[in-house]
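Note that numbering that gives the first Met the number 0 numbers the sequence shown so that position 212 is 211, with each residue one more than the last. The structure under discussion appears below in the form of structure tokens.
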Amino acid sequence: MAGLEGTRPTGHGRARGLVSSRVSGERVEVATFAPSPDLAPYVADYWASRWDLPPEAPHRVELLADPSVHIVFETEQSRVVGLSTQLWRRELRGRSFVRAVKLRPGAAQAFLPCAASHLTDRITPFLELFPDATALEPQVLAPADDEAGLLHIEAWLRARVRTPEDPKVALATRVVAHIAAHPEVTSAAVLADAFELHPRVLQRRFRDHVGASPKWAIRRARPQEAALRLEAGWEGSLADLAAELGYADHAHLTRDFQSATGRAPASFRRDVWT
Numbered sequence: 000m001a002g003l004e005g006t007r008p009t010g011h012g013r014a015r016g017l018v019s020s021r022v023s024g025e026r027v028e029v030a031t032f033a034p035s036p037d038l039a040p041y042v043a044d045y046w047a048s049r050w051d052l053p054p055e056a057p058h059r060v061e062l063l064a065d066p067s068v069h070i071v072f073e074t075e076q077s078r079v080v081g082l083s084t085q086l087w088r089r090e091l092r093g094r095s096f097v098r099a100v101k102l103r104p105g106a107a108q109a110f111l112p113c114a115a116s117h118l119t120d121r122i123t124p125f126l127e128l129f130p131d132a133t134a135l136e137p138q139v140l141a142p143a144d145d146e147a148g149l150l151h152i153e154a155w156l157r158a159r160v161r162t163p164e165d166p167k168v169a170l171a172t173r174v175v176a177h178i179a180a181h182p183e184v185t186s187a188a189v190l191a192d193a194f195e196l197h198p199r200v201l202q203r204r205f206r207d208h209v210g211a212s213p214k215w216a217i218r219r220a221r222p223q224e225a226a227l228r229l230e231a232g233w234e235g236s237l238a239d240l241a242a243e244l245g246y247a248d249h250a251h252l253t254r255d256f257q258s259a260t261g262r263a264p265a266s267f268r269r270d271v272w273t
């Protein structure tokens with residue numbers, strides 16, 4: 000079996016969407032790996048994380064997540080984590096590790112037995128959705144090496160993926176990628192026109208394959224991109240950043256950012272490094 004290629008987030012050097020403290024987060028080890036070419040249309044990446052934290056000094060993860068579904072393996076806690084429409088939080092304490100796969104936004108239906116919307120804002124036990132995969136958790140977690148464990152996830156996905164490729168899955172992944180690449184897309188109507196889809200068809204595609212509405216995905220993408228740029232050391236004013244991301248003014252950026260993260264952009268710019 001071929002190995003996986005290790006990857007590293009571009010620009011700011013950690014996972015897209017993290018808005019928790021970089022300093023506290025340095026105590027948590029994270030590794031990411033690219034999928035093999037045949038699964039790249041469906042898998043964003045594989046990831047592994049481990050931590051050993053004293054009870055009096057936990058780390059609070061805060062994530063403004065992509066519209067993705069994650070399948071996470073942890074001892075006796077393996078789970079499928081649906082798209083989170085709110086700021087996702089988890090407090091890490093003690094000693095543990097996880098190995099996981101992040102599905103490409105829009106690709107969940109290539110593997111899941113249900114619509115993506117059934118999992119939105121939910122954490123579902125893995126065996127509840129995949130009762131025939133009882134052997135997978137120990138296979139994934141037993142190896143000392145992260146890559147060796149993650150290869151078991153890849154083999155399982157390869158055996159499950161629906162072939163030939165579902166054109167609805169392919170379309171959903173393209174539409175979500177288009178939102179991320181084009182911050183000037185500020186409405187579902189503009190998005191529907193770009194793909195020559197009736198708005199109701201677009202809504203159904205997002206419900207089944209993404210797990211939230213096109214409007215939500217558009218509103219999530221721009222605050223997430225703002226967080227990335229601020230953390231990477233954006234040197235311009237917040238008004239300049241608002242204009243760069245297609246906002247009418249600084250106030251609209253602040254409204255969306257505060258709604259998504261609970262903080263104003265100026266506060267985030269200061270606090271993320273503390």
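A virtual CB, placed ideally from N, CA and C, is assigned to each residue, including glycine.
Pick from the options: whose alpha carbon is nearest that of residue i?
i: A56; options: A107, P104 and R26; result: R26
i: A238; options: L252, E195, A179 and V139; result: L252
i: A132; options: S116, L240, D120 and A154; result: A154
i: H117; options: P182, R206, D255 and D248; result: R206
i: I217; options: H249, H181 and V29; result: H181
i: H58; options: Q257, R89 and Q85; result: R89
i: D248; options: A259, S236 and D165; result: S236
i: R173; options: G105, A134 and E164; result: G105
i: R254; options: G210, E4, R159 and R219; result: R219
i: W233; options: H208, P264 and R157; result: P264
i: A242; options: S35, Q257 and E224; result: E224
i: E73; options: L201, L240, G245 and L135; result: L135
i: Y45; options: H69, R204, R203 and P53; result: H69
i: A30; options: L82, R121 and A147; result: A147
i: E28; options: L91, L86 and E4; result: L91
i: A171; options: V200, R269 and F267; result: V200
i: Q108; options: G210, L244 and E61; result: G210
i: E61; options: Q85, S212, A115 and R161; result: Q85
i: A179; options: P112, L227 and P163; result: L227
i: E164; options: Y246, D144 and F110; result: F110
i: R221; options: R161, P112, Q257 and V160; result: Q257
i: K214; options: A193, R159, A188 and T260; result: A188
i: P34; options: T162, L3 and F129; result: L3
i: D120; options: D145, L82, L156 and A143; result: L82
In three-state terms, what does DSSP make of residue i?
i: H69; result: strand
i: H11; result: Here the model assigns H11 a pLDDT of 46, short of 50, so the residue's position is not dependable, and the following value carries that caveat. In the structure shown, H11 sits in coil (DSSP, three-state: anything other than H, G, I, E or B).
i: F129; result: coil
i: L52; result: strand
i: H181; result: coil
i: D37; result: helix
i: A211; result: coil
i: T172; result: helix
i: R88; result: strand
i: E75; result: coil
i: A115; result: helix
i: A216; result: helix
i: L43; result: It is worth fixing the name first, because residue 43 is Ala in this sequence and not Leu. Note: A43 maps to strand in three-state DSSP.
i: A30; result: strand
Hey, could you find the ends of the alpha helix (DSSP H) residue i is sitting in?
i: W155; result: D145 to R159
i: S266; result: P264 to D270
i: P163; result: Premise fails: P163 is in no alpha helix (DSSP H) and is neither H nor E.
i: A191; result: A187 to A193
i: E136; result: L135 to L140
Which residue comes first and which comes last in the beta strand (DSSP E) that contains residue i?
i: F96; result: G93 to L102
i: F205; result: Premise fails: F205 is in no beta strand (DSSP E) and is neither H nor E.
i: L62; result: H58 to L62
i: P124; result: I122 to P124
i: R78; result: R78 to V80
Looking at the C-beta of residue i, does it have a partner C-beta in chain C at a distance below 8 Å?
i: G261; result: Annotation note: the requested chain C is absent from the structure, which comprises a single protein chain.
Item to check | At least 3 beta-carbon pairs within less than 8 Å: the segment 87 to 96 vs the segment 46 to 62 | outcome: Touching, yes, given that three or more Cβ pairs across the two stretches are closer than 8 Å.
Next on the checklist: I'd like to know if the segment 126 to 143 and the segment 27 to 44 are in contact, where contact means that at least 3 CB-CB pairs between them fall below 8 Å.
Outcome noted: Touching, no.
Checklist entry - Is the segment 144 to 152 touching the segment 183 to 191, taking contact as three or more C-beta pairs under 8 Å? => result Flag = no, the segment 144 to 152 and the segment 183 to 191 do not touch.
Next on the checklist: For the segment 97 to 117 against the segment 61 to 69, do three or more pairs of beta-carbon atoms, one drawn from each stretch, fall closer than 8 Å, so that the two count as touching?
Outcome noted: Segments in contact, yes.
Checklist entry - Hey, which unbroken runs of the alpha helix (DSSP H) at 4 residues or more fall wholly within the segment 227 to 268? => result Listed in chain order, they are 237 to 243 and 249 to 260.
Next on the checklist: So, does the segment 121 to 135 touch the segment 66 to 81, judging by three or more C-beta pairs under 8 Å?
Outcome noted: Touching, yes.
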